[in-house]
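There are 2 protein chains.
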Amino acid sequence: MLKRRIEEKFREFFIKPLNIIEIESSIITPAKVFEASGHVKAFREPMVTCLKCKKKFRIDHLLQEQAKMTDTQTEKLNLNEIHTQMKEHKIKCPECEGDLSQPKYFMTMFTTTIGPYSDAIGYGRPEAAQGIFVEFKRLYEIAREKLPFGAAQIGHALRNEISPRQGPIRLREFTIADIEFFFDPKEPHCPQLRNIEDETLHLIPAAQKQSDKKEPIEVTVREALKKYIKTEWQAYFMVLARDFLKELGIPEDRQRFIEKLEWERAHYSSQGYDQEIYLDRWGWTEVSGHNYRTDYDLEHHKEHSGVDMQVFKGYDAPVLKEETILEPILAKIGPAFKEDASKLVDLLRQSDVQEVETSLKTKGVYKAGSFTVLPEHVRFVKKRTEETGRRFTPHVVEPSFGIDRLVYTVLEYAYSKREGRTVLKIPRELAPTQIGVFPLVTKDGLAEEARSLHETLVKKGFRGEYDEAGSIGRRYARADEAGTPICITIDYQTLKNHTVTLRDRDSWSQVRTEKDNLILYLQEYFLYDKEFKEMGKIVQPNGKP
Amino acid sequence: MLKRRIEEKFREFFIKPLNIIEIESSIITPAKVFEASGHVKAFREPMVTCLKCKKKFRIDHLLQEQAKMTDTQTEKLNLNEIHTQMKEHKIKCPECEGDLSQPKYFMTMFTTTIGPYSDAIGYGRPEAAQGIFVEFKRLYEIAREKLPFGAAQIGHALRNEISPRQGPIRLREFTIADIEFFFDPKEPHCPQLRNIEDETLHLIPAAQKQSDKKEPIEVTVREALKKYIKTEWQAYFMVLARDFLKELGIPEDRQRFIEKLEWERAHYSSQGYDQEIYLDRWGWTEVSGHNYRTDYDLEHHKEHSGVDMQVFKGYDAPVLKEETILEPILAKIGPAFKEDASKLVDLLRQSDVQEVETSLKTKGVYKAGSFTVLPEHVRFVKKRTEETGRRFTPHVVEPSFGIDRLVYTVLEYAYSKREGRTVLKIPRELAPTQIGVFPLVTKDGLAEEARSLHETLVKKGFRGEYDEAGSIGRRYARADEAGTPICITIDYQTLKNHTVTLRDRDSWSQVRTEKDNLILYLQEYFLYDKEFKEMGKIVQPNGKP
Numbered sequence: 007m008l009k010r011r012i013e014e015k016f017r018e019f020f021i022k023p024l025n026i027i028e029i030e031s032s033i034i035t036p037a038k039v040f041e042a043s044g045h046v047k048a049f050r051e052p053m054v055t056c057l058k059c060k061k062k063f064r065i066d067h068l069l070q071e072q073a074k075m076t077d078t079q080t081e082k083l084n085l086n087e088i089h090t091q092m093k094e095h096k097i098k099c100p101e102c103e104g105d106l107s108q109p110k111y112f113m114t115m116f117t118t119t120i121g122p123y124s125d126a127i128g129y130g131r132p133e134a135a136q137g138i139f140v141e142f143k144r145l146y147e148i149a150r151e152k153l154p155f156g157a158a159q160i161g162h163a164l165r166n167e168i169s170p171r172q173g174p175i176r177l178r179e180f181t182i183a184d185i186e187f188f189f190d191p192k193e194p195h196c197p198q199l200r201n202i203e204d205e206t207l208h209l210i211p212a213a214q215k216q217s218d219k220k221e222p223i224e225v226t227v228r229e230a231l232k233k234y235i236k237t238e239w240q241a242y243f244m245v246l247a248r249d250f251l252k253e254l255g256i257p258e259d260r261q262r263f264i265e266k267l268e269w270e271r272a273h274y275s276s277q278g279y280d281q282e283i284y285l286d287r288w289g290w291t292e293v294s295g296h297n298y299r300t301d302y303d304l305e306h307h308k309e310h311s312g313v314d315m316q317v318f319k320g321y322d323a324p325v326l327k328e329e330t331i332l333e334p335i336l337a338k339i340g341p342a343f344k345e346d347a348s349k350l351v352d353l354l355r356q357s358d359v360q361e362v363e364t365s366l367k368t369k370g371v372y373k374a375g376s377f378t379v380l381p382e383h384v385r386f387v388k389k390r391t392e393e394t395g396r397r398f399t400p401h402v403v404e405p406s407f408g409i410d411r412l413v414y415t416v417l418e419y420a421y422s423k424r425e426g427r428t429v430l431k432i433p434r435e436l437a438p439t440q441i442g443v444f445p446l447v448t449k450d451g452l453a454e455e456a457r458s459l460h461e462t463l464v465k466k467g468f469r470g471e472y473d474e475a476g477s478i479g480r481r482y483a484r485a486d487e488a489g490t491p492i493c494i495t496i497d498y499q500t501l502k503n504h505t506v507t508l509r510d511r512d513s514w515s516q517v518r519t520e521k522d523n524l525i526l527y528l529q530e531y532f533l534y535d536k537e538f539k540e541m542g543k544i545v546q547p548n549g550k551p
Numbered sequence: 007m008l009k010r011r012i013e014e015k016f017r018e019f020f021i022k023p024l025n026i027i028e029i030e031s032s033i034i035t036p037a038k039v040f041e042a043s044g045h046v047k048a049f050r051e052p053m054v055t056c057l058k059c060k061k062k063f064r065i066d067h068l069l070q071e072q073a074k075m076t077d078t079q080t081e082k083l084n085l086n087e088i089h090t091q092m093k094e095h096k097i098k099c100p101e102c103e104g105d106l107s108q109p110k111y112f113m114t115m116f117t118t119t120i121g122p123y124s125d126a127i128g129y130g131r132p133e134a135a136q137g138i139f140v141e142f143k144r145l146y147e148i149a150r151e152k153l154p155f156g157a158a159q160i161g162h163a164l165r166n167e168i169s170p171r172q173g174p175i176r177l178r179e180f181t182i183a184d185i186e187f188f189f190d191p192k193e194p195h196c197p198q199l200r201n202i203e204d205e206t207l208h209l210i211p212a213a214q215k216q217s218d219k220k221e222p223i224e225v226t227v228r229e230a231l232k233k234y235i236k237t238e239w240q241a242y243f244m245v246l247a248r249d250f251l252k253e254l255g256i257p258e259d260r261q262r263f264i265e266k267l268e269w270e271r272a273h274y275s276s277q278g279y280d281q282e283i284y285l286d287r288w289g290w291t292e293v294s295g296h297n298y299r300t301d302y303d304l305e306h307h308k309e310h311s312g313v314d315m316q317v318f319k320g321y322d323a324p325v326l327k328e329e330t331i332l333e334p335i336l337a338k339i340g341p342a343f344k345e346d347a348s349k350l351v352d353l354l355r356q357s358d359v360q361e362v363e364t365s366l367k368t369k370g371v372y373k374a375g376s377f378t379v380l381p382e383h384v385r386f387v388k389k390r391t392e393e394t395g396r397r398f399t400p401h402v403v404e405p406s407f408g409i410d411r412l413v414y415t416v417l418e419y420a421y422s423k424r425e426g427r428t429v430l431k432i433p434r435e436l437a438p439t440q441i442g443v444f445p446l447v448t449k450d451g452l453a454e455e456a457r458s459l460h461e462t463l464v465k466k467g468f469r470g471e472y473d474e475a476g477s478i479g480r481r482y483a484r485a486d487e488a489g490t491p492i493c494i495t496i497d498y499q500t501l502k503n504h505t506v507t508l509r510d511r512d513s514w515s516q517v518r519t520e521k522d523n524l525i526l527y528l529q530e531y532f533l534y535d536k537e538f539k540e541m542g543k544i545v546q547p548n549g550k551p
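Here the protein sequences line up with chains E and A, keeping their order.
So the mapping is simple: this note's numbering equals the position in the first sequence, first residue as 1, plus 6.
So the mapping is simple: this note's numbering equals the position in the second sequence, first residue as 1, plus 6.
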């Protein structure tokens, strides 16, 4: 439920305001798609096998662990260089200390066959993006043939990791949220920019990364666009990504964007920033990637499938163009060049018109291959054309989030201790359970009253839990541990004057509220950030457990 | 978005009210799981290859098409019988009329390898249920070790169909919503039953199905539980499923539950009903399955993994039990039977105590194998034990929905025509776009006013679309076609008196409303079914386009 809430928050943050089209495509994808996208060639990791215990490992990880190389360093090495480094640093099997094989590449997409034919290879998608690119033309139509527009997909992706570790950080199967945002490279302006260009970003640009100073610099978006970020839409999404993570509970000083060096970037990327956040458990960890994929993917699909991926953009008014055309005069060329005449005509067609004209004017001749062309052999004709628009392949920026890492991140940042108890301070709109409903005791009709209130709240759309087991203090403690923001207790007073007690997870304070106001107040609390102390009359201002 | 809304509705209908635990497990699953569950053996379809064009087909489908057999009939056939039927009905390749090969089975799970080792086989899950069963013990703990409880999963499932047709009805990859509801087979009572036992269900029980009368019978739940449905929880979920489909727009008389005959049932099912709905395009079509899986899955996982899947249920008070124990008197048996003594002792241990006692009392001897036992060889001791509870494997009923089929179903039932126009009457809470916001014209500040209202509504959580292209009539038409329930138009009057026009998709009537009331009214409309005509002052009572 927490994961679903984070996905929902993602939708509210990115998809709804930008009117992005959310689609769902298949996870198992015909091989052709990933051949075209370049993944079959590029989606691989260097692997070694232990000659003694036969276990297999990612050799770049072993170099990082045993030779203290950075991932930036190992990423740069080819197989030969890896082998040299292995020998130099005497890398051994981490499990049995055995000798290791030569490194080779292992393709990290899951492979299967689709249907009963053995040649119909399918791959598990390592990203959801390709499902968007191959449907670009349909999506463009749905967007009413206007740029810019975005398409998104939240779904499972598969990476057949050689030896995954780090729990939720490196999974073979995970949920990815990919947005592909298409724009005209000649009109790359992001209208939302004016609202954010004075805000600052914490960046580690490529140059900084290669120096020894690893601290991020703080620059305004305006500044960043001059020096560090190639396109406005990418800067815009980076600001959104920072704010999104803030709403998940991660303060800005625990976030940074670190640029990928050329050899670290994915094959489709012309600029890439990773959004990293600091985790107590794993240090700086990537939670989203921001890549400028240009027209790489659409161009490659066009090439492989033959499907036109270009769009046509009409000018406001047609543009008149005057061109000079070169016309060979066959009546003169024929007799002069005889059997070579048609060869010369071909050569002239491929020549630069301006060049021929200048040469004839200044030198009186033009050399086309071994032929000498005289002014009498050609004529220059002015031609007017009307251009109503232009055809081009849109460019793409891509923000891409790993949802499972966000789940872990939210949990780590929400985890707190108070008087020896665990309190999970999950932001209220993400809480899997919003409301606990407890009868003070189960007798005298209190349980029935509480159950009926619980049922009403669930019908009104709240995620509520009814609990009557154990003392009220124990039930509050359980709710704190599960991150339930508000608990409602039904007691004897409820039966008399229709009021209930509301108890706040974060302050442990309590208010007393008319039951009739409850639904409205809870809506305001969960939808519009009403403050807890405005939810009723304070009966316990500050928190005893 | 429509699909997400249907999933959300499923959660509101089944998951929230029953406090079901929603989980997410991996789609690619280690082979062992599906070996244990029986899928590796049972998840297969009979296939033939055309000897001429080499295409492959499901032979049961060809028998249905070319020999007019029903699926109930083909389901019963083994490979030899299929072959006989093929010859008898002269079944040919449907594409080239070529002769067909002998039938063989094709396993319809996608196969892959997990990680770099070729023996680590993985299958694409054909159902989400197994991800719940293998985690049963953890889920039981989360449910605070109480029965009954349910666990659910909404996610992708894969079936490597031989030759899928029928578009969204038979996909190789689809979204399944599985609920596994665990209960104590000795306490199978469903407390919610009393609210629904007088409601009626449209059933075609097995006996009826085998007769020629194919019409469903209408019986009360109470009656159905006596004759046609084995467990209360299953009946309860069937009623919920019917109501769920009604809320998606499918009237009750277009729904029925049809029982699976013994040979049609999945290998794990001891009783199964398919919920079918009538589609104009494909006739009666299954949208959910309701299976009584008993303890089949948990028992099989226990057997294969060695992990205990039993639960312990404490009695309210310990039960005292008095047992009679048979004790061989070794001092007598030893000398009497010598080297056979220990053999006799073993035999006696396996004997029925009651039987030995009766035999010795009435006949004076007891024959244990070839040995003759006399009263002096044994003694009977009364022993008291205290039983604090019992251990058992829970039973499971499973409602399982195909979400993609529901998407198609909702579209077909929502599709309507009015004065030559398409109007998609999607139930309002499922509508992908809830609100269209239109400026009457784009000049004089109307566009800015409309854009700002659109932004406000999106911030308040509504799914809204801003549209300024074309005449207002054309924009209404587009909204009708997309199923947007309400359109808001900003006109010159808006600038004067802060009122806007609301227009209803279904009646084409219009009301005028204060902008200040808008958010509250829209919430009431979408959350609590407020009627459209109560949304303001009627300005156009009935629908011109």
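Glycine is no exception: its CB is placed at the ideal position from the N, C-alpha and C atoms.
Here the structure is a predicted model, which is why all the values come from computation and not from measurement.
Along chain A, which residues have their Cβ under 8 Å away from the Cβ of Arg178 of chain E?
Ser32, Ile34, Ile120 and Gly121
List the residues of chain E that Leu164 of chain A touches, going by C-beta distances under 7 Å, in chain order.
Ile34
Below 8 Å between beta carbons: does that hold for Ile34 of chain E and Thr117 of chain E?
no
Going by beta-carbon coordinates alone, are Thr439 of chain A and Thr394 of chain A separated by less than 8 Å?
no
Could you pull out every unbroken beta strand (DSSP E) segment of at least 3 residues lying fully inside the stretch 265 to 327 of chain E, listed in chain order?
277 to 285 and 289 to 300
In this structure, how does DSSP classify Leu57 of chain A when only helix, strand and coil are distinguished?
coil
Identify the contact partners of Pro577 of chain A in chain E, using a Cβ-Cβ distance below 9 Å as the criterion.
As shown, chain A starts at 7 and ends at 551. That puts residue 577 of chain A outside it, with no answer to give.
Measuring only from the beta carbon, is Ala453 of chain A closer than 7 Å to any heavy atom that is part of the ligand NAD?
The ligand NAD is absent from the structure shown, which contains no ligand whatsoever.
Segments assigned beta strand (DSSP E), at least 3 residues, entirely inside the stretch 235 to 265 of chain E
261 to 265
When the Cα of Pro174 of chain E is compared with those of E:Val413, E:Val359, E:Trp514 and E:Arg396, which residue comes out closest?
E:Val413
Looking only at its own chain, which residues have a Cβ that is under 6 Å from the Cβ of Ser31 of chain A, when we skip the five neighbours before and after it?
Gly137
Status (buried if at least 16 other CB within 10 Å, exposed otherwise) for Ser124 of chain A:
exposed
Interface partners of Phe112 of chain A on chain E, CB under 8 Å
Pro122
State the Cα-Cα distance for the pair Leu145 of chain E and Ser458 of chain A, rounded to the nearest angstrom.
26 Å
Return the bridge partner residues of Ala485 of chain E from the DSSP annotation.
DSSP output for Ala485 of chain E lists no bridge partner at all.
Which complete beta strand (DSSP E) runs does the stretch 118 to 174 of chain A hold, if anything under 3 residues is left out?
127 to 130 and 155 to 164
Please give me, in chain order, every unbroken run of the beta strand (DSSP E) with length at least 3 that falls completely inside the stretch 180 to 238 of chain E.
206 to 210 and 223 to 226
Between Leu536 of chain A and chain E, is the shortest Cβ-Cβ distance under 8 Å, so that the two count as touching?
It is Lys, not Leu, that sits at residue 536 of chain A in the sequence shown. Output row for Lys536 of chain A: interface = no.
Arg427 of chain E touches chain A at which residues, Cβ-Cβ below 7 Å?
By Cβ distance, chain A contributes nothing, its closest Cβ being about 19 Å from Arg427 of chain E, past 7 Å.
Quick one: list the residues of chain A neighbouring Leu69 of chain E, beta-carbon separation under 7 Å, in chain order.
By Cβ distance, chain A contributes nothing, its closest Cβ being about 18 Å from Leu69 of chain E, past 7 Å.
Return the first residue and the last residue of the beta strand (DSSP E) that Thr35 of chain E is part of.
Ile34 to Pro36
Rounded C-alpha distance that separates Gly295 of chain A from Glu404 of chain A
8 Å
With H, G and I counted as helix, E and B as strand and the rest as coil, what does DSSP make of Arg11 of chain A?
helix
Could you give the DSSP three-state label for Ser422 of chain E: helix, strand or coil?
strand
Use the C-beta contact count for Ile283 of chain A: other C-beta atoms within 10 angstroms, 16 or more gives buried, fewer gives exposed.
buried
So, is Ala278 of chain A buried or exposed, given that buried needs 16 or more other C-beta atoms within 10 angstroms?
In the sequence on display, residue 278 of chain A carries Gly and not Ala. Buried, by the Cβ-count rule.
Quick check: the Cα distance between Lys143 of chain E and Gln316 of chain E, rounded to an integer number of angstroms?
8 Å
Taking 8 Å as the CB-CB cut-off, is Thr505 of chain A touching chain E?
no
Interface flag, Ile12 of chain A vs chain E, CB-CB below 8 Å:
no
Can you list the residues of chain E that Thr490 of chain A reaches, using a CB-CB cut of under 8 Å?
None at all; the shortest Cβ gap to chain E is about 13 Å.
Going by DSSP, what residues sit across from Phe112 of chain A in a beta bridge?
A:Glu51
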